[in-house]
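Enquirer: Here it is, the structure in full.
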Amino acid sequence: MSMTISPYPNALGAEITGVRLSSSCDEDIIAAIKSALHEHLVLVIRDQNLDPGEQVAFSERFGELVVRVSGEFLHPDYPPVLILSNRIVDGKAEGATDAYAGSHWHSDLTYAEKPSFGSMLHAIEVAEEGGDTAWANMYAAYDALPGDIKNRIDGLNAIHIRDRRRNPRAGISENFDRDVNEYYDIKVPDSVHPMVRRHPITGLKSLYVSPRFTVAIEGVDDAEGQPLLDELFEHQKKPEFIFQHKWRRGDLVFWDNSATIHLAVGGIKPPGVRRLHRTSMAGEVPYG
Ligand code: OGA
Ligand code: MN
107 MSMTISPYPN ALGAEITGVR LSSSCDEDII AAIKSALHEH LVLVIRDQNL DPGEQVAFSE
167 RFGELVVRVS GEFLHPDYPP VLILSNRIVD GKAEGATDAY AGSHWHSDLT YAEKPSFGSM
227 LHAIEVAEEG GDTAWANMYA AYDALPGDIK NRIDGLNAIH IRDRRRNPRA GISENFDRDV
287 NEYYDIKVPD SVHPMVRRHP ITGLKSLYVS PRFTVAIEGV DDAEGQPLLD ELFEHQKKPE
347 FIFQHKWRRG DLVFWDNSAT IHLAVGGIKP PGVRRLHRTS MAGEVPYG
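With our numbering applied, the sequence shown covers 107 to 394.
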């Protein structure tokens, strides 16, 4: 079996076949995956079959794992595994639906001082229709900005928060079926990150804001800052920056959170059930 990497014809993304992932993969496979990740930003690795323990052990080959601050939706035996699922059990979804993860463009955990460097989603069950995930290339989005906007945001920092109650652009959706106040009362300090981030490995600049987590620009009045954020949020989701993935069972998608944003596209057609398992690797403090 030999590993094949086929880039998609989109702004980002590549498909990998011919490899069987496990915690004991050879070091050269891990190195090849890392280098493909830096080049393509989103890797769709087909036909995998990792149980939660194996997914944790495989993910740990790329760094320490982050456990979400809310105890909801975590795998009972493997808390670094976040369960995404729309299956209703006893009147509630058995996992995080897009009301909790993904309903607005974002990069994982940017509300933290050290956001995630990369995440993996493994498809355990997929719906026949709907439930795609989209990624957008933030190197390309930064490069395509007009020069005057680049100059304006280079060197500025933005404020990122977890609490949806304080973010009018990412309100509480109607299928939020937990106690909103309990879910968001957990104290997570706000974070401040450069709006233009330099990738720790490639050294390239990316646009590092998202409507889900970025709520203001540090030191800039809202009268000026909010319209600028609106403009950046419109810009960063232009079709030319996007790759949209239709899940197949067994897919393991590994993406770079420093240089991409992503979105749960939604629209799962009943009675379709989608169950994905997420792991997220810790990153470093972003710098410009
Ligand atoms: C996530 C996420 C998107 C999706 O798990 O971090 O954003 O399509 N998921 O479920
Ligand atoms: Mn996410």
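Idealized CB from N, CA, C, for every residue including glycine.
Nothing here was measured: the structure is a model prediction, and the numbers come from that model.
Can you tell me where the alpha helix (DSSP H) with Glu160 in it begins and where it stops?
Expert: Note, Glu160: alpha helix (DSSP H), Pro158 to Ser165.
Enquirer: Report the start-end ranges of each alpha helix (DSSP H) in the segment 209-293 that is 4 residues or longer and not cut off at the edges.
Expert: Listed in chain order, the complete alpha helix (DSSP H) runs (minimum 4 residues) inside the segment 209-293 are 244-249, 253-259 and 286-290.
Enquirer: Tell me the DSSP secondary structure of Gln154 in three-state form.
Expert: Note: Gln154 maps to coil in three-state DSSP.
Enquirer: Tell me whether Ala242, by its Cβ, gets closer than 7 Å to a heavy atom of the ligand MN.
Expert: Checking the Cβ of Ala242 against the ligand MN gives no.
Enquirer: Suppose the cutoff is 6 Å on Cβ atoms and the five residues either side in sequence are ignored; what does the same chain contact list for Val321 look like?
Expert: Closer than 6 Å at Cβ, skipping near neighbours: Ile265, Ile267 and Asn273.
Enquirer: Mapping the DSSP letters down to three states, classify Pro300 as helix, strand or coil.
Expert: Note: Pro300 maps to strand in three-state DSSP.
Enquirer: Buried or exposed, going by whether 16 or more other CB atoms sit within 10 Å of the CB of Lys311?
Expert: Buried, by the Cβ-count rule.
Enquirer: The beta strand (DSSP E) spanning Ile348 covers which residue range?
Expert: First-last of the beta strand (DSSP E) with Ile348: Ile348 to His351.
Enquirer: Should Ser141 be labelled buried (16 or more other beta-carbon atoms within 10 Å of its own) or exposed?
Expert: So Ser141 ends up on the exposed side.
Enquirer: How big is the Cα-Cα spacing for Ser279 and Thr203?
Expert: For Ser279 and Thr203, the distance between alpha carbons rounds to 10 Å.
Enquirer: Output the boundary residues of the beta strand (DSSP E) element that contains His368.
Expert: Thr366 to Gly372 is the extent of the beta strand (DSSP E) around His368.
Enquirer: Please determine, among Leu127, Cys131, Thr110 and Ser130, the residue with the shortest C-alpha to C-alpha distance to Glu121.
Expert: Considering only alpha carbons, the answer is Thr110.
Enquirer: Taking the alpha-carbon of Val294 as reference, which of Leu215, Glu170, Ser364 and Ser128 has the nearest alpha-carbon?
Expert: Ranking the options by Cα distance to Val294, first place goes to Leu215.
Enquirer: In the DSSP assignment, what residue or residues form a beta bridge with Leu143?
Expert: In the DSSP output, where bridge partners are listed per residue, Leu143 has none listed.
Enquirer: Quick check: is any heavy atom of the ligand OGA less than 7 Å from the C-beta of Asp204?
Expert: True, at least one ligand heavy atom lies under 7 Å from that Cβ.
Enquirer: Quick one, what's near the ligand MN if you take every residue whose CB is closer than 7 Å to any heavy atom, in chain order?
Expert: Going along the chain, the residues that qualify are Ala207, Gly208, His212, Asp214, Ser225 and His368.
Enquirer: Of the residues Gly159, Lys198, Ile348 and Ile151, which one's Cα is nearest the Cα of Thr182?
Expert: Checking the displayed sequence, the identity of residue 182 turns out to be Pro instead of Thr. The residue with the shortest Cα to Cα distance from Pro182 is Gly159.
Enquirer: Restricting to Cα atoms, I'd like to know which of Arg303, Val302, Ser209 and Leu227 is closest to Glu270.
Expert: It should be pointed out that residue 270 corresponds to Arg in this sequence rather than to Glu. Taking only the C-alpha atoms, the option nearest Arg270 is Ser209.
Enquirer: Does the beta carbon of Leu180 fall short of 7 Å from some heavy atom of the ligand OGA?
Expert: No, the beta carbon of Leu180 sits no closer than 7 Å to any heavy atom of the ligand OGA.
Enquirer: To the nearest angstrom, how far is it from the Cα of Val232 to the Cα of Tyr114?
Expert: Each residue's Cα considered, the two are about 21 Å apart.
Enquirer: How close, in whole Å, do the beta carbons of His222 and Val162 come, if the pair is a contact with beta carbons under 8 Å?
Expert: Looking at the sequence provided, one finds Ser at residue 222 rather than His. Not confirmed; about 15 Å, so no contact.
Enquirer: Taking 7 Å as the cut-off, is the C-beta of Thr239 nearer than that to any heavy atom in the ligand OGA?
Expert: At least one heavy atom of the ligand OGA is nearer than 7 Å to the Cβ of Thr239, so yes.
Enquirer: Tell me whether the beta-carbon of Val379 lies closer than 8 Å to the beta-carbon of Val150.
Expert: No, these two residues do not count as a Cβ contact at 8 Å.
Enquirer: Which value, in whole angstroms, describes the spacing of the CA atoms of Asp296 and Ala218?
Expert: Between Asp296 and Ala218, the C-alpha separation is close to 7 Å.
Enquirer: Counting along the chain, where does the alpha helix (DSSP H) carrying His341 start and finish?
Expert: Its alpha helix (DSSP H) spans residues Asp328 to Gln342.
Enquirer: When every heavy atom of the ligand OGA is checked, does at least one fall within less than 7 Å of the C-beta of Arg193?
Expert: Checking the Cβ of Arg193 against the ligand OGA gives no.
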